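Chains as they are written, first to last, in my numbering: chain F, 77 to 549; chain E, 24 to 291.
Beta carbons: idealized from backbone N, C-alpha and C, even for Gly.
All values derive from a computational prediction rather than experimental measurement.
These notes concern the structure reproduced below.
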């Protein structure tokens, strides 16, 4: 280690002395010294690379570039992207339909048998009910509703990610974000949000400017995550598409999921724009977005990532939250005060507010119970209908439509608003916690939860008012 | 070279998250989307999520592998284009290479875009000499008709450059034995530095002894001097609040290198 003899230096060298000296020395350097350093790195890199890399003489036909010119073209880029998304949704919907029904039938049959067995050996009714009607049933709902779409959607999504298509999506959208006064890389973090909003929030670390990063964090929730896709897919399959002929119903379903996604992107951009004009004022900063080469995806890794890391992970998380939620709902539905159940009380209390925004009290109650994880909103809703005795029989997925529309007064407005509410409402507890951690501020986390919730209420109120005014409902 | 250290006979064992005992710390740096995480996974046997897009790894991931009976902790750093700016992911990478002092840093480069990748390699070389350059995606380069002469590269950089294909495992044994040799000193490295103008060199030469006196034993005095000349606030702060001297002193006292200290403290 080289250390100078003491007499050459002042006896007590302070850090500030070094800084002061560095300051003076910097002034002695030419003004462009910083640029010169960077430039010398670049020219050195260029020189070394030129010596080490031997490129073929003739310009090879570059497939990557041809494809990129097409999928990122100003005219065709967005339509191609939408067509691709629609295809993914369509494949998911068509493929998931039958397995979902079979799973539901099988799991509910198992529940019935177990319940019969419990009754036969004389287990008290409330234990049987708590376990099988509460905990088990909600978990069965989660598996039946979520597993098949995820097992199809995630591998396709991971395939596109591995292939290198996601940065192209970002490239197509980056212009929109810049116009909104946000960072172009927000298009990347938004795309991440399709996987998981909490992951999308963490991904915003690639954005340098704190202002733009905050915008990206606060608006990430407006794209539906993996937890909400199954809800949206189920709603559009069972309700929206049901009024069309079977030949086109899956196409209609895919189209409505796509529409919801586009509405989500629209809200991301509009809210980013509003934030950068009001609370988070500033200019958009420039950046370069690298388009990686297309790579042949590794299929075993795709299956592993999508099935183990994503499908099983999301399903497991959903089941962990569904079990206690099911228990809570069962208790609420079976604790009676003056012969009215607690769930009924709460649902009745929330009903006026629910009806005002085109939903109902039961749906709002389900959303409150499902705050820990968005995945379980639909199952919880079913449980509330069950638990409040509004639905006496366990329905199969296909009879759901007839029951809710027939017996509980669901209209097209209910379904559309349910999808909009699911898209826009507050993020799940995990995402809120992540926002709090990433911003280091409870204030922003609270804002990140309440702002989307207010927007969800406002939008649903507007659509409900329009529908009523037009006399549609 | 005896049989034991011959790459063909080398013994690689994935250690996953078993990180309680390890002998060496190796950092993985590189531009975004060059296959750092793929290399990380194939060495450690972990399933750090990989994806074909830049900016995927924003935090440090850590795992272990054993090679020739030496246990290594591998730290996967976020991909960065440079070490000079202030975004959070670049700071994570820079702080670890600077203050974490890994025993060796593997800079993963993309053979199909070598020039751009070398910018980062040159910047890392300013901080540490214990570097092995992994020229990844050689297969993709071949497909594009590009030929990379790693020997010329190694000669120009002053550190070893190994062609690899992280996805298939091609060249991994060679890479690991080279890393081991750089750490043990069996391979001597002589990293090239950027010269700059005469005044620049004089200014650096004046600051280096001052920094070394303040924090005796600091290994990257030259780089710190350059950063100070550039007005880097992070380095200024580390100097003023004693973080730098503190780190050096702690290492001297305990005989534990920073990298181990930092690696043990925070896996975030």
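Whole angstroms is fine: what's the gap from residue 317 (chain F)'s alpha carbon to residue 301 (chain F)'s? 22 Å
Residue 355 (chain F) burial status per 10 Å Cβ neighbour count (16 or more: buried): exposed
Which of helix, strand or coil does DSSP assign to residue 261 (chain F)? coil
If you draw a straight line from the C-alpha of residue 467 (chain F) to the C-alpha of residue 476 (chain F), how long is it? Because residue 467 (chain F) sits at a pLDDT of 42, beneath the cut-off of 50, its placement in the model cannot be relied upon, and the point is left open.
Sequence-distant residues of its chain with Cβ nearer than 8 Å to residue 425 (chain F) (five each side left out): 437
Classify residue 478 (chain F): buried if its beta carbon has 16 or more other beta carbons within 10 angstroms, exposed otherwise. exposed
Apply the 10 Å Cβ neighbour rule to residue 182 (chain F) and answer buried if 16 or more other Cβ atoms are within range, or exposed otherwise. exposed
Could you give the distance in angstroms between the alpha-carbon of residue 285 (chain E) and the alpha-carbon of residue 123 (chain E)? For residue 285 (chain E), the predicted structure reports a pLDDT of 41, less than 50, and the residue's modelled location is therefore unreliable. The matter cannot be settled from this model.
What first and last residue would you give for the alpha helix (DSSP H) that runs through residue 427 (chain F)? 418-432
Is it a yes or a no for the segment 219-236 of chain F touching the segment 404-416 of chain F, going by three-plus beta-carbon pairs under 8 Å? no
Is the segment 187-196 of chain E in contact with the segment 211-220 of chain E, if contact means three or more CB pairs nearer than 8 Å? no
Measuring CA to CA, which of E:85, E:142, E:127 and E:49 is closest to residue 120 (chain F)? E:142
Quick check on DSSP: helix, strand or coil for residue 127 (chain E)? strand
Flag this pair as yes or no: are the beta carbons of residue 101 (chain F) and residue 229 (chain E) separated by less than 8 Å? yes
If you reduce the DSSP assignment to three classes, tell me which class residue 56 (chain E) lands in. coil
Can you tell which of E:262, E:104 and E:158 has the C-alpha that lies nearest to the C-alpha of residue 193 (chain E)? E:158
Beta-carbon proximity check, residue 171 (chain E) vs residue 148 (chain E), cutoff 8 Å: no
Is the number of C-beta pairs between the segment 497-506 of chain F and the segment 289-308 of chain F that are closer than 8 Å three or more? yes
Looking at chain E, is there any beta carbon in it that lies within less than 8 Å of the beta carbon of residue 129 (chain F)? yes
Determine the burial state of residue 53 (chain E): buried for a count of at least 16 other Cβ atoms within 10 Å of its Cβ, exposed for fewer. buried
Taking buried to mean at least 16 other C-beta atoms within 10 Å of its own C-beta, is residue 267 (chain F) buried or exposed? buried
From this set, F:211, F:163 and F:125, which residue's C-alpha is nearest residue 327 (chain F)'s C-alpha? F:163
Inter-residue spacing [alpha-carbon to alpha-carbon] between residue 270 (chain F) and residue 265 (chain E): 44 Å
Going by the beta-carbon positions, is the gap between residue 213 (chain F) and residue 187 (chain F) smaller than 8 Å? yes
Proximity test, Cβ basis, 8 Å: residue 171 (chain E) and chain F: yes
Pull up the distance between the alpha-carbon of residue 440 (chain F) and that of residue 433 (chain F), whole angstroms please. 10 Å
Using the beta-carbon of each residue, which ones in chain E are nearer than 8 Å to residue 113 (chain F)? 217, 219, 223, 249 and 253
Helix, strand or coil: how does DSSP classify residue 75 (chain E) here? Residue placement at residue 75 (chain E) cannot be trusted, given a pLDDT of 49 that sits under 50; what the coordinates show is reported in the next sentence. Looking at residue 75 (chain E) - three-state DSSP - the assignment turns out to be coil, as it is neither helix nor strand.
Quick check: the Cα distance between residue 508 (chain F) and residue 337 (chain F), rounded to an integer number of angstroms? 21 Å
Checking 8 Å against the spacing of the C-beta atoms, do residue 281 (chain F) and residue 179 (chain E) come in under that value? no
To the nearest angstrom, report how far apart residue 208 (chain F) and residue 56 (chain E) are at their CA atoms. 48 Å
Under a three-way DSSP split, which group does residue 243 (chain F) fall into? helix
Closer than 8 Å by C-beta to residue 231 (chain E): which residues in its own chain qualify, once you throw out the five before and the five after it? Chain order, please. 244, 245 and 248
Hey, out of F:257, F:132, F:452 and F:111, whose CA is closest to residue 165 (chain E)'s CA? F:132
CB residue 239 (chain F) to CB residue 373 (chain F), shorter than 8 Å? yes
Near-chain F residues of the segment 196-209 of chain E - C-beta to any C-beta below 7 Å: none
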